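Undergrad: Here you go, one structure.
Protein chains in written order, with the numbering used here: chain A, 8 to 417; chain B, 8 to 417.
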């Protein structure tokens, strides 16, 4: 097969490679794709919960494992999956070779546990394809420019797949997962949710940032920048899933989905002195800890001070409290409070740019359900509201219905 | 600490690192060695039976896994151990960094599954020591000169430790295992067996080749060539084990031990045409398959043909039979037979060079026990006899007693 064959990148998550039997099924699918005339790069995660198991062992030793060593540990998981898949493909007469992130030329910065990809040097991968191999690639990992093994953080395997797809000019990057595509809302919460056939990078980015778990925002962002078409689908059947591409055939459609994020907490700093540079100082200190703050709301100033609220992942609360303990005192604020009993509901759709009434309609639905809105933030294609967590699922169902997203009763 | 501190290499086998708790105990011991003023390089195996578990997964996919991929798979085991130990050491305030075989500059040939070390480039390891780290090193693995991950075969972690010790000029290479040293015979077979305090490389080499499991012959050979003092001891207490060094304080002692190897089979090729070059042809074909043949006996020729017998590991029999099926026909021999119900008993001692009666004494003991000798082979410091397997343990006990190796009744 010539190297001018189209290149398809296929990424399989932990569930899809959770057992030797599932790896055999993945091998069958890869062989099919290969026999259809494509060059294939397969990106794999660790089997099932293996990464969590390794992490648990490390944490039995110490709560804060040395980051360099932890990365060395966690990268063992993909190594096992990729070589088992390599064995399965070769056993089917399909020539295949597996490569670690380091071997594949995935060069990152030096931040262990959350490294950013700086460059991809795909020479060895392209040579392996040219030699007629299916290439198997360990997701989630890279090599820093100081020659240390790094990991890309949770969801890093998607990122590996998308970035490599961009670097080798792949036709498509297929993300295989345990759901069969992107839905207008979480089907476990909204039984009438519909699968979206096609969605733009921008909309997917907003949905992912708003808590839709199917793709990490980082991967969508890289796909958009590199122009890699994404296809999110399940490894359990042959049906098409959701295509994520530039532009969108969805442009005529107002709303593409409703997302609920119950993993954030609301933090309020009371009585912050209302001086220029205060917000910058606060959020720089938080960013220096690598904590991603989401919605930021500053109330009107009264008597020279202002209250400032924002949301942040609940998982980051211990570190965040460390920062704020020092900071509150330093800037002369009164105190800070944490409310981790909230949820964020977001409505996303490229069409709302030209329909100014969408936000108002959303507030109206929530009001009619007697659900109190605590914070609001908007972008050109998204409206998000913070509400009580207990109201979350009811809010999603009501908004989903109001915006005409429910599927016709089957 | 200066890099002119003595370097101690400590190698811990699977049992010694079989659980998170055992790894913690190893960390404590390493810290002690470090605090005593040494630079320390720790070489680790995979945890417990993890290598076997990985192999079993591969074999659920296919009986003959692709060798390159299998090596990639099996090297995951040491990666997990070494990073957990790295985490445990750093958690104790002992700066430590772990390195794969590839990172440590262990360069091998390209024979996957049984690669030979060709060169060690310890630059990165020496820099890490100089920077004040305890260095942790994955045993059993290397990088071929074609940049592929390789494994060194069973017992390869000992080899890694010894070769690295030689390359960095270590004072000693300590091999921690689940027994506390080298014994005059297997204590499970001979309850009166004694621990040997000091033994020469040559004697240890013969004992290891004769089936004593405590060290692989390859490691002893490398230690001898590079002049690395070995210290075999247990990780379960602080006592000295057995020192293996050049020369020997054992020279006055006649016999250092008795070994029993029940893992070999006897193969006989009947009626081989008695022409020059025939033996070379047979054993070249077998060597090409990477099978180590041990004792070779050729009977006197009669009527232009001769019978040829040899022993080989029982694990290699399937491959060996493949070679012999073709070869027997090719060379015009009558047939071959396999007897896998044998054992090999060996008596080893540097002192026997100057005591010609040792072999005769050994045959005499066996005769007095009514044990039939089927094959004999000798070296300057070893006598080996092939006998029925069922007679093996009885033979070892009788020989052990006859040569005065029994400990005084306690």
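C-beta: ideal position from N, C-alpha, C; glycine also. Owing to the predicted nature of the structure, the values given are computational and were not obtained by experimental measurement.
Return helix, strand or coil for residue 301 of chain A, following the three-state DSSP convention.
TA: Coil.
Undergrad: For residue 389 of chain A, which residues in the same chain have their Cβ closer than 6 angstroms to its Cβ, ignoring the five residues on either side in sequence?
TA: Contacts found: 213, 353, 355.
Undergrad: Should residue 17 of chain A be labelled buried (16 or more other beta-carbon atoms within 10 Å of its own) or exposed?
TA: Buried, because 16 or more other Cβ atoms sit within 10 Å of the Cβ of residue 17 of chain A.
Undergrad: Quick check: the Cα distance between residue 135 of chain B and residue 295 of chain A, rounded to an integer number of angstroms?
TA: Distance between the alpha carbons of residue 135 of chain B and residue 295 of chain A is about 29 angstroms.
Undergrad: What in chain A is Cβ-close to residue 105 of chain B, meaning under 7 angstroms?
TA: Those within 7 angstroms of residue 105 of chain B in chain A are 76, 79.
Undergrad: Does the stretch 102-117 of chain A come into contact with the stretch 91-100 of chain B, if we say contact requires no fewer than three beta-carbon pairs (one atom in each stretch) closer than 8 angstroms?
TA: Result no; under three Cβ-Cβ pairs closer than 8 angstroms.
Undergrad: Looking only at DSSP bridge pairs, what is residue 344 of chain B linked to?
TA: Residue 344 of chain B pairs with B:275.
Undergrad: Let's test the definition: count the other Cβ atoms within 10 Å of the Cβ of residue 405 of chain B and tell me whether it reaches 16, buried, or not, exposed.
TA: Buried is the call here.
Undergrad: In its own chain, which residues sit with a C-beta less than 7 angstroms from the C-beta of residue 302 of chain A, not counting the 5 before and 5 after it?
TA: So the list reads 317, 318, 382, 384, 391, 393, once near-sequence residues are dropped.
Undergrad: Three or more C-beta pairs closer than 8 angstroms, one from the stretch 48-57 of chain A and one from the stretch 80-92 of chain A: is that the case here?
TA: The stretch 48-57 of chain A is in contact with the stretch 80-92 of chain A.
Undergrad: In angstroms with no decimal places, state the Cα-to-Cα distance between residue 53 of chain B and residue 225 of chain A.
TA: In a straight line, the C-alpha of residue 53 of chain B is about 35 angstroms away from that of residue 225 of chain A.
Undergrad: Taking a contact to mean a Cβ-Cβ separation below 8 angstroms, would you say residue 193 of chain A touches residue 200 of chain A in this structure?
TA: Yes; because the gap between Cβ atoms is below 8 angstroms, this pair is in contact.
Undergrad: Mind checking which residues open and close the beta strand (DSSP E) that includes residue 130 of chain B?
TA: First-last for residue 130 of chain B: 130-137, but that is the alpha helix (DSSP H), not the beta strand (DSSP E).
Undergrad: In terms of residue numbering, what span does the alpha helix (DSSP H) encompassing residue 294 of chain A cover?
TA: Segment 285-295, the alpha helix (DSSP H) holding residue 294 of chain A.
Undergrad: Should residue 101 of chain A go down as buried or exposed, given a rule of 16 or more other Cβ atoms within 10 Å for buried?
TA: By the neighbour-count rule (16 or more Cβ atoms within 10 Å), residue 101 of chain A is buried.
Undergrad: According to DSSP, residue 91 of chain A sits in a beta bridge with which residue or residues?
TA: For residue 91 of chain A, which the question treats as bridged, DSSP gives no partner whatsoever.
Undergrad: Rounded to the nearest angstrom, how far is the Cβ of residue 211 of chain B from that of residue 222 of chain B, given a contact under 8 angstroms?
TA: Yes, residue 211 of chain B and residue 222 of chain B are in contact; Cβ-Cβ is about 7 angstroms, under 8 angstroms.
Undergrad: Pull up the distance between the alpha-carbon of residue 206 of chain A and that of residue 250 of chain A, whole angstroms please.
TA: In a straight line, the C-alpha of residue 206 of chain A is about 6 angstroms away from that of residue 250 of chain A.
Undergrad: Check whether the Cβ atoms of residue 203 of chain B and residue 186 of chain B lie closer than 8 angstroms to each other.
TA: Contact flag unset, no.
Undergrad: Residue 72 of chain B touches chain A at which residues, Cβ-Cβ below 7 angstroms?
TA: Chain A residues near residue 72 of chain B: 94.
Undergrad: Taking the straight line between their C-alpha atoms, what separation do you get for residue 287 of chain B and residue 293 of chain B?
TA: So the alpha carbons of these two residues sit roughly 10 angstroms apart.
Undergrad: Is there a Cβ of chain B sitting closer than 8 angstroms to that of residue 31 of chain A, yes or no?
TA: Chain B, which has a Cβ nearer than 8 angstroms to the Cβ of residue 31 of chain A, makes this yes.
Undergrad: Expressed to the nearest angstrom, what Euclidean distance is found between the alpha-carbon atoms of residue 173 of chain B and residue 28 of chain B?
TA: When rounded, the distance between both Cα atoms is 31 angstroms.
Undergrad: Any Cβ of chain B within less than 8 angstroms of the Cβ of residue 83 of chain A?
TA: True, the Cβ-Cβ gap to chain B drops below 8 angstroms.
Undergrad: If we define contact as Cβ-Cβ less than 8 angstroms, is residue 69 of chain B a contact residue for chain A?
TA: Yes, residue 69 of chain B counts as interfacial toward chain A.
Undergrad: Taking DSSP as the reference, what is the three-state secondary structure of residue 154 of chain A?
TA: Residue 154 of chain A: coil per DSSP, three-state reduction.
Undergrad: Identify which residue in A:23, A:124, A:398, A:357 has its Cα closest to the Cα of residue 268 of chain A.
TA: Out of A:23, A:124, A:398, A:357, A:398 has the C-alpha closest to the C-alpha of residue 268 of chain A.
Undergrad: Quick one: is residue 90 of chain B near chain A, going by C-beta distance under 8 angstroms?
TA: It does; some Cβ of chain A falls within 8 angstroms.
Undergrad: Return no unless some Cβ of chain A is closer than 8 angstroms to the Cβ of residue 257 of chain B.
TA: The predicted position of residue 257 of chain B is uncertain, since its pLDDT is 44 and thus under 50; a value taken from the coordinates is nonetheless stated next. No - not a single Cβ of chain A is within 8 angstroms of the one on residue 257 of chain B.
Undergrad: Between the alpha carbons of residue 67 of chain A and residue 24 of chain B, how many angstroms are there, rounded?
TA: Between residue 67 of chain A and residue 24 of chain B, the C-alpha separation is close to 15 angstroms.
Undergrad: Which bits of chain B does residue 27 of chain A rub up against, with CB to CB less than 8 angstroms?
TA: Under the 8 angstroms cutoff, chain B gives 64, 67, 68.
Undergrad: Identify whether residue 14 of chain A lies in helix, strand or coil by the three-state DSSP scheme.
TA: In this structure, residue 14 of chain A counts as strand in the three-state DSSP scheme.
Undergrad: In the structure shown, what three-state DSSP assignment does residue 173 of chain B receive?
TA: Helix.
Undergrad: Residues of chain B with CB closer than 7 angstroms to the CB of residue 98 of chain A, please, in chain order.
TA: Those are 68, 69, listed as they occur along chain B.
Undergrad: Using DSSP's beta-bridge definition, name the partner residues of residue 148 of chain B.
TA: Beta-bridge pairing links residue 148 of chain B to B:158.
Undergrad: At a Cβ cut of 9 angstroms, what residues of the stretch 113-145 of chain B count as close to chain A, listed as they run along the chain?
TA: From the stretch 113-145 of chain B, only 131, 143 have a Cβ closer than 9 angstroms to chain A.
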